[in-house]
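In the numbering used here, the protein residues as written are 36 to 485.
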């Protein structure tokens, strides 16, 4: 059965465009071919069938664990995350580990992490230069990495915290090089080669992670509320715990995927918020009423709408993928077993029928519009929806509330382009900004109290 039509350019040309910036390629293909088209990318085992109609996406997300596999579609991440990563599992094993990990990212436990998120954000803000251009993506990476170390590993400030933060920063800096996604670049030519450097840093990181796992297991988890403790305590329906290898690979996934994605989403949010002075003023008024109470901040309606609109307008991963394990047919679209079907996070967020004037940043649209799970999907959907979605949203609110409450800043340039960092799409130059003034944290707190 034939696949939907798509661009006829050579697969090498299509891959080059996809690798540089996939968004214009998808825009052009959507204009020419509609809500379903095929992309043929050099190096991919099969064409990508990109779908963007909400009803088709709904049906794709409704497919069961034995009908469509996402883990097989993510194999490019295996050298970075490990074979036991939730992103690479399918079927029963994926459901088993997902159920065991879910409690660590929801409910009161997540709210307990809010204090750490706020403290670490303020510690970063204290060191931002005044009147000088600097790339804000770096500080956002630093904050989100430290949040993971504090909340996932339960490590407080001290030599162990600093050692882990430094090693992870260097490891992740290498891991986000886009070229390393290609198999032909994954050759260890010594410690000075990109892959050789990553392998050596990753080995040291792995050793530290295993030390933390074994130490926590030996000492017990009583009185701990971090994610690692939850993972150690988790049991499946047969009473089995997660193995050390499983915990190790899930920790690597949280470090690489959770840290980078949230930092990049925060940078994009600031890209859209800072030029909108009336929005900044409204957000500050709302934030002032919540003080530094994580639960209150988490419930702020305009802040929530702003985060959602930023994630809509600038998704950092443009699509999600499923490999069909059986034929799929919906609304005239017929796809055979083995097809790599990819709901487009980017294109569905650009539908005028869902989001009028979709190219504009309009947070207020989310104050009245509640999209269905297949109409707003920066975290994917269905059985494979990102397990850390609520955590990431909560963290973005804590950090943005801290920044907007204390800092007056502007973009250093209006020319902000999309640039690739491994699998994510980030603002060019790390989003250069200029802080024009910074209020002491104490002054903001006293004003809130008054």
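Glycine included, C-beta positions come from ideal geometry on N, C-alpha and C.
Euclidean distance between Cα positions of residue i and residue j
i, j, result
"residue 199", "residue 175", "17 angstroms"
"residue 421", "residue 412", "10 angstroms"
"residue 220", "residue 88", "36 angstroms"
"residue 485", "residue 188", "Per-residue confidence for residue 485 stands at a pLDDT of 47, beneath the threshold of 50, marking its modelled position as unreliable; no derived number is given."
"residue 366", "residue 91", "8 angstroms"
"residue 414", "residue 381", "12 angstroms"
"residue 241", "residue 215", "19 angstroms"
"residue 488", "residue 184", "Lying outside 36 to 485, the shown extent of the chain, residue 488 is not represented and no answer is given."
"residue 52", "residue 60", "7 angstroms"
"residue 208", "residue 127", "34 angstroms"
"residue 470", "residue 440", "13 angstroms"
"residue 273", "residue 308", "48 angstroms"
"residue 167", "residue 49", "39 angstroms"
"residue 449", "residue 245", "45 angstroms"
"residue 310", "residue 279", "47 angstroms"
"residue 165", "residue 251", "42 angstroms"
"residue 447", "residue 37", "49 angstroms"
"residue 318", "residue 55", "34 angstroms"
CB of residue i within 8 angstroms of CB of residue j, strictly
i, j, result
"residue 299", "residue 351", "yes"
"residue 375", "residue 83", "yes"
"residue 437", "residue 451", "no"
"residue 433", "residue 301", "no"
"residue 354", "residue 378", "yes"
"residue 296", "residue 120", "no"
"residue 109", "residue 98", "no"
"residue 373", "residue 81", "yes"
"residue 406", "residue 416", "no"
"residue 163", "residue 383", "no"
"residue 304", "residue 342", "yes"
"residue 85", "residue 74", "yes"
"residue 391", "residue 385", "no"
Cβ-based burial, residue i [other Cβ within 10 Å; buried from 16]
i, result
"residue 306", "buried"
"residue 457", "buried"
"residue 67", "exposed"
"residue 528", "Outside the displayed range of the chain (36 to 485) lies residue 528, so it cannot be described from this structure."
"residue 294", "buried"
"residue 281", "buried"
"residue 428", "buried"
"residue 344", "buried"
"residue 45", "exposed"
"residue 64", "buried"
"residue 224", "exposed"
"residue 228", "exposed"
"residue 338", "buried"
"residue 160", "buried"
"residue 261", "buried"
"residue 316", "exposed"
"residue 211", "buried"
"residue 497", "As displayed, the chain neither begins before 36 nor continues past 485, which places residue 497 out of reach and without an answer."
"residue 398", "buried"
"residue 329", "buried"
"residue 100", "buried"
"residue 472", "exposed"
"residue 57", "buried"
"residue 285", "buried"
"residue 70", "buried"
"residue 94", "buried"
"residue 47", "exposed"
"residue 474", "exposed"
Cβ neighbours of residue i in the same chain (closer than 7 angstroms, five flanking residues each side left out)
i, result
"residue 483", "Because the pLDDT at residue 483 is just 49, under 50, the model does not fix this residue reliably, and the point stays unresolved."
"residue 140", "422, 423, 425, 426"
"residue 265", "138, 139"
"residue 257", "none"
"residue 346", "300, 413"
"residue 203", "180, 240, 290"
Close beta carbons around residue i, own chain, < 6 angstroms, minus the five adjacent residues each side
i, result
"residue 247", "188"
"residue 156", "178, 434, 437"
"residue 455", "213"
"residue 268", "256"
8 angstroms CB neighbourhood of residue i in its chain, flanking five on each side removed
i, result
"residue 191", "185"
"residue 43", "none"
"residue 336", "321, 402"
"residue 283", "117, 119, 241, 244, 245, 248"
"residue 445", "309, 310, 468, 469, 471"
"residue 340", "398, 399, 400, 401, 402"
C-beta neighbour in chain D for residue i, strict 8 angstroms
i, result
"residue 115", "Annotation note: the requested chain D is absent from the structure, which comprises a single protein chain."
*May I ask you to verify whether the segment 131-140 touches the segment 149-157, counting CB pairs closer than 8 angstroms and requiring at least 3?*
no
*Specify whether the segment 92-105 and the segment 359-375 touch according to this definition: at least 3 beta carbon pairs, one from each stretch, less than 8 angstroms apart.*
yes
*Can you find at least 3 beta carbon pairs, one from the segment 465-472 and one from the segment 160-179, that sit closer than 8 angstroms?*
Under the 8 angstroms Cβ criterion, the segment 465-472 counts as touching the segment 160-179, having at least three qualifying pairs.
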